[in-house]
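Visitor: Structure incoming, see below.
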Amino acid sequence: MSGKEYRTITDVKGPLVFLNKTEPVAFGEIVQLRLTDGTVKNGQVLDTSNDQVVVQVFEGTARIDRQTGVKFLGDVFRLPVSKDLIGRILDGAGRPRDGGPPIVAERMADIIGAAINPYSRRSPESFIQTGISAIDACTSLVRGQKLPIFSAAGLPHNDIALQIARQAKLVGSDDDFVVVFCAMGITAEEYNYFVSDLERTGALENAALFINLADDPAVERLITPRLALTAAEYLAFEHDYHVLVIYTDMTNYCESLREIGAAREEVPGRRGYPGYMYTDLAMLYERAGLVKGKKGSITQFPILTMPGDDITHPIPDLSGYITEGQIVISRELHQKGIYPPINVLPSLSRLMNAGIGPGKTREDHKSVSDQLYAAYAQGKELRGLVAIVGQDALNERDLQLLKFADLFENKFLRQSRDEDRTIESTLDLAWDLLTNIDTKFLVRLDQKWIDKYHPTEKKE
Amino acid sequence: MSEENGLIYRISGPVVTAIGITPRMYEVVRVGDEGLMGEVIELHGDQSVIQVYEETSGISPGEPVIRTGQTLSVQLGPGLLTQIYDGIQRPLADLEAKMGVFIKRGVDADGLDMAKMWDFKATVAVGDEVAAGAILGTVQETETIEHRVMLPLGKSGVIKSIESGEFNVTQTICTLEDGTEIAMMQEWPVRTPRPFVQKYAPNVPLITGQRILDFLFPLAKGGTAGIPGPFGSGKTVIQQQLAKWSDAQIVVYIGCGERGNEMTEVLTEFPHLIDPHTGTPLMNRTTMIANTSNMPVAAREASVYTGITIAEYFRDMGYDVALMADSTSRWAEAMREISSRLEEMPGEEGYPAYLSSRLAEFYERAGRVQTLAGGDGSISVIGAVSPPGGDISEPVSQGTLRIVKVFWGLDAGLARQRHFPSINWLSSYSLYPQALDQWYRDNIASDFPEVRTEISALLQVEAELQEIVQLVGSDALPIDQQLTLEVARMIREYFLQQNAFHDVDTYSDLNLQYAMARAILSFQEEAKKAIAGGAGLEEVVNVQARTDLIRGRFEDGYADRIEGLVAEMSKQISTASEGN
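Right, dumping it as structure tokens:
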């Protein structure tokens, strides 16, 4: 069936092209469109029947006319994979963007990616030290996790992602991460920032980049993360690499999804996003993890900007249901000049308990983390009260908690962009701050940890 | 008629249209050269619309579609327990053996092990007259669960021969006078509820060992509960706790559209868990269905039915079954996704108009019943709901709330304060206490319902006082109200909070729950007396014995010591007042 070129385009609508009367065309098949001026565009079959085929065109439908020749290539979309991907910069459709030669494929991998049998997964349980206290102590990351950064316009999420990419390591292991970076619709400026930082720290040699910029075709964004994850799966499960996938910005990806849905006149779900967005996002996020019998792992760091800082917006909301927690960046902290402005209260790591504790981080980690949360949450709540009634109305406990909240933000959260704290120093710092609260109010701490770690009350 | 062939006409994601066949609704068909499994969900002139349970990319129009003549069914018989299935009852371990760690398509696997030999012991004799659902004999399926082999529905008669011995699930164990041969395995279409004689009123509690659930918002055996919770509010942990600790004999856990890593945690953790009721592995009484969010959406839609059918089968043997579905929102979204592919007119928020009737049908399959065999069995259904943005005004939450009798309202705010289980004691409710109170009086303590009322009243009063405190601070309150706040704090921190990851605290039996609740009331009583005698609030609250009482719940043997600790606390509090 390949080889034949059809000139039966009936309709062109947004990024979609509709064709009549073809030989049977497979669902998901890739398509080449030859324009009358000789330009070649690529697409993929979205809907197929004996009478009509719908093709989504990655490069946009500009200048396509009824004379455009359409060729079905008899295969689904594939990425040439080989270890040579490491150190390369590719565009959003997998073509070299760094001026280098084409990737010599070890094999061609289907980019859709099969689901991992849940029975064949291994539980993620290796603590990754990011060197950022807020994350390490309160939303600990483990290898194989997918932990998105929920940010918003104007916040330093890129700095945080880069700091993590730079500092992430397993305690007591020399294994480095290979970074797969996937850009969807970010600006050239942001892109340059990422690349120059990766270059500066030498991480670029250990990274594969898939880049779709803001002025690249929007529909292409739908395949860019699939390419990146296909590369990640190949490196992790065929070559034992520990892969850290950073993708930014998921919001742009979802916009593209909505664009296609609208062009197909699908029944929209919330805020116009398609009803299958959950499944679609799951098919990306769920490509993180570890599997039995393979040493490698895929850890994902999707970055998404919440439109209007709204965490209930469908994009963060659906993401939060699939990912294993979230790191929430706070505008309030950012405006107070605190970097990294991570609001630990709505942040969460669902796999934290599996990755911390004796032998992994430290035996008191869980208790300390719970106590930090509780004290900070109460302290923050008291700020609201103080605004109404003033400090005089507070009792001793409340005053201590109030003071603690300030210290927590200024001493614990705040660190510099290249400050790499070990988990021990993070936990010790937490204990130092907790001395500002009477032990009798520290109800989340087991007495044995107070006896062992409390700087002033410990029993030698 | 069953081997009728047609052709694929159109493919759009998981929805395939076929021509040239005239199947019945919900009939299973084989789609394409690879024979992917699908189910007919709409008939449209000469076109049949099929939802396909596997990924459809690479399939072309013109490929064959073959009828099977059967509706989507599960295989029922010995071997269900300890299994981990996907949404259409394919054992995940078999899939791994056949195709490695990634799930490829077009692979079939039987739900039951066809080769395994089971030791069947007949419990009826030649000449006995048996009706459908009658128990013919037993098989020790796992160490703790005896599988009761039943006469399949639609069969009845006089037994001509029956034999004890080693059989696999398809061998004949029994013949009837009319020549019908009976094997241990039977099949049942998942979308049809299995019949029973009658439904009973729910008047026995399902004991979960979770204090806030058992004590304040109990679920009856055969009841239904909904857990709506925004993400990050600890819903999954509660469901897992219920699966581990509830006193149902059989647990069916449906992971529907959930996270792979979490499912794995359940799948790896369960086999290591020891059932506190029997001391043997928990998996011995568990069947799991795991369909993660990236597995095909149509299989997700089916997974809930697969699960409840298995639950009904065990109910029919006379067992109490607890079924957890996590999450029914994912199931509803699967319906929505398929409905939108069918270009159906959408109801609210794009969900199909039949959403609430499907939800109702599903929850109606719960209940405590008299089985066809004459015994009692029950299915308690606990459905998690994941409302987008935590807003329970959305259709799935609302459709669920209209049906379920218990509402365990998870609260992200509590979760943020690390108050777990983060069930909001003000918004949650249970409609069962009235029906269950007699049971509590007879089995735990004669004043159990009164103690519960007192505890929940205190929490209610606290909520009202907190509003005042927000404005004027707690010091401005009279001392008795400050004491009420302290007592309520004790209820929250000592009683309602429970650490699922702590070896001891993870489970409290009803007697201990009652004792802890009484301990709180004793504290209130003693403190009131002491304060009336002139003691300060701080002195009373800070007595060492109270701290010991509170911290003691993390230690083994607490149930035995609690009485002594309470007595010591009372003594110290009264001493405190004497000092003044």
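Residue numbers (my numbering), protein chains in the order written: chain A, 184 to 643; chain B, 448 to 1027.
No residue lacks a Cβ here, since even glycine has one placed at the ideal position from N, Cα and C.
For the segment 856-875 of chain B, enumerate the residues whose C-beta is nearer than 7 Å to any C-beta of chain A, in chain order.
Guide: Result list: R863, Q864, R865.
Visitor: At a Cβ cut of 8 Å, what residues of the segment 605-636 of chain A count as close to chain B, listed as they run along the chain?
Guide: Flagged, chain order: K623, V626, R627, D629, Q630.
Visitor: Are A/S530 and A/Q509 touching if we call contact CB-CB under 9 Å?
Guide: Yes, these two residues count as a Cβ contact at 9 Å.
Visitor: In whole angstroms, what separates the C-alpha of B/L924 from that of B/A892?
Guide: Looking at the two C-alpha atoms, the distance is approximately 35 Å.
Visitor: How would you label B/M448, buried or exposed, when you count the other beta carbons within 10 angstroms and need 16 or more for buried?
Guide: Because the pLDDT at B/M448 is just 42, under 50, the model does not fix this residue reliably, and the value given afterwards should be weighed accordingly. By the neighbour-count rule (16 or more Cβ atoms within 10 Å), B/M448 is not buried but exposed.
Visitor: In whole angstroms, what is the alpha-carbon distance linking B/I606 and B/L583?
Guide: The straight-line gap from Cα to Cα measures roughly 10 Å.
Visitor: Can you tell me which of the three DSSP states A/A646 falls into?
Guide: The shown model of chain A, from 184 to 643, leaves out residue 646 of chain A, and the question about it has no answer.
Visitor: Given that B/T715 touches chain A, what residues does it touch there, using C-beta distances under 7 Å?
Guide: Ordered by position in chain A, the residues that pass the 7 Å Cβ test against B/T715 are S306.
Visitor: What residues of chain B sit near A/G211, judged by a beta carbon separation below 7 Å?
Guide: By Cβ distance, chain B contributes S504, G505.
Visitor: Give every residue of the same chain whose Cβ lies closer than 6 Å to the Cβ of B/V616, excluding the five residues on either side of it in the sequence, and list them in chain order.
Guide: Within the same chain, B/V616 has close Cβ partners G524, L559, M631, M632.
Visitor: Taking only beta-carbon positions, decide if A/L596 is within less than 9 Å of chain B.
Guide: No, because no Cβ of chain B sits closer than 9 Å to the Cβ of A/L596.
Visitor: Is the segment 511-530 of chain B touching the segment 632-643 of chain B, taking contact as three or more C-beta pairs under 8 Å?
Guide: Short answer: they touch.
Visitor: Between A/T413 and A/L262, which are expected to be in contact by the criterion C-beta below 8 Å, what is the C-beta distance as a whole number of angstroms?
Guide: With a Cβ gap of about 5 Å, A/T413 and A/L262 count as contacting.
Visitor: Can you list, in chain order, the residues of its chain with a C-beta nearer than 7 Å to that of B/P743? Leave out the 5 residues immediately preceding and following it.
Guide: Cβ within range, chain order: P461, Y500, E501, E502.
Visitor: Measuring alpha carbon to alpha carbon, tell me which residue in A/S309, A/Q227, A/K329 is nearest B/R706.
Guide: When only C-alpha atoms are compared, the closest one is A/K329.
Visitor: Would you say A/N225 reaches chain B, if we count a Cβ-Cβ gap shorter than 9 Å as a contact?
Guide: Answer no: the Cβ-Cβ gap between A/N225 and chain B never drops below 9 Å.
Visitor: Relative to chain B, which residues along the segment 278-304 of chain A have a C-beta separation below 7 Å, given in chain order?
Guide: Per Cβ criterion, the list reads I295, A297, A298, I299, N300, P301, Y302, S303, R304.
Visitor: Quick check: is the beta carbon of A/D380 nearer than 9 Å to any beta carbon in chain B?
Guide: For A/D380, the answer is no, since every Cβ of chain B falls outside 9 Å of its Cβ.
Visitor: Looking at the unbroken alpha helix (DSSP H) that takes in A/C437, where does it start and where does it end?
Guide: Here the alpha helix (DSSP H) through A/C437 covers 433-446.
Visitor: Take A/D281 and list the residues in its own chain whose beta-carbon comes closer than 7 Å to its own, dropping the five residues that flank it on each side.
Guide: Only R271, I272 meet the Cβ criterion.
Visitor: So what does B/W565 bridge to, in DSSP terms?
Guide: DSSP, once it has assigned bridges, lists B/F614 as partnering B/W565.
Visitor: Would the segment 350-360 of chain A count as touching the segment 547-562 of chain A if we require 3 or more Cβ pairs under 8 Å?
Guide: No: the two stretches stay apart, fewer than three of their Cβ pairs being nearer than 8 Å.
Visitor: If I measure Cβ to Cβ from B/L873 and keep anything under 8 Å in the same chain, skipping five residues before and after, which residues do I get?
Guide: Excluding positions up to five away in sequence, the list reads L906, Q907, A910.
Visitor: My output table needs one value for A/M184: the three-state DSSP class, helix, strand or coil.
Guide: Reliability of the predicted coordinates at A/M184 is poor, the pLDDT of 43 falling under 50, and no value is obtained from them.
Visitor: Determine the chain B residues that contact A/I525 at a beta-carbon separation under 8 Å, and present them in chain order.
Guide: Those do not exist, as A/I525 stays about 14 Å from chain B at its closest Cβ, beyond 8 Å.
Visitor: Exposed or buried, which one is A/A203 when buried takes at least 16 other CB atoms within 10 Å?
Guide: According to the sequence provided, residue 203 of chain A is Asn. The question's Ala does not apply to it. The residue is exposed, with fewer than 16 neighbouring Cβ atoms inside 10 Å.
Visitor: Report the option in A/D615, A/D194, A/Y424, A/H496 whose CA atom is closest to the CA atom of A/I247.
Guide: Among A/D615, A/D194, A/Y424, A/H496, the Cα nearest to that of A/I247 is on A/D194.
Visitor: Can you name the residues of chain A whose CB is closer than 9 Å to the CB of B/D531?
Guide: Here residue 531 of chain B turns out to be Ile, not Asp, going by the sequence shown. Those within 9 Å of B/I531 in chain A are P301, Y302.
Visitor: Compare the Cα-Cα distances from A/V363 to each of A/D357, A/A317, A/Y417, A/G314 and report the closest residue.
Guide: Of A/D357, A/A317, A/Y417, A/G314, the residue nearest in Cα terms is A/Y417.
Visitor: Cβ of B/L600 within 9 Å of Cβ of B/V577?
Guide: Taking 9 Å as the Cβ cut-off, B/L600 and B/V577 do not qualify as a contacting pair.
Visitor: DSSP three-state call for B/V651: helix, strand or coil?
Guide: B/V651: coil per DSSP, three-state reduction.
Visitor: Between A/M466 and chain B, is the shortest Cβ-Cβ distance under 9 Å, so that the two count as touching?
Guide: Closer than 9 Å: yes.
Visitor: Does the Cβ of A/V200 have 16 or more other Cβ atoms within 10 Å, making it buried, or fewer, making it exposed?
Guide: Buried.
Visitor: To the nearest whole angstrom, what separates the beta carbons of B/S930 and B/P652, a pair I think is in contact under 8 Å?
Guide: Going by the sequence as given, residue 930 of chain B is Leu instead of Ser. About 32 Å; that fails the 8 Å criterion.
Visitor: Helix, strand or coil for B/E489? Go by DSSP, reduced to three states.
Guide: DSSP places B/E489 in strand when its eight states are reduced to three.
Visitor: Applying the criterion that 16 or more other CB atoms from any shown protein chain within 10 Å of the CB defines a buried residue, is A/M184 buried or exposed?
Guide: In this predicted model, A/M184 has a pLDDT of only 43, less than 50, meaning its place in the structure is not dependable enough to derive any value.
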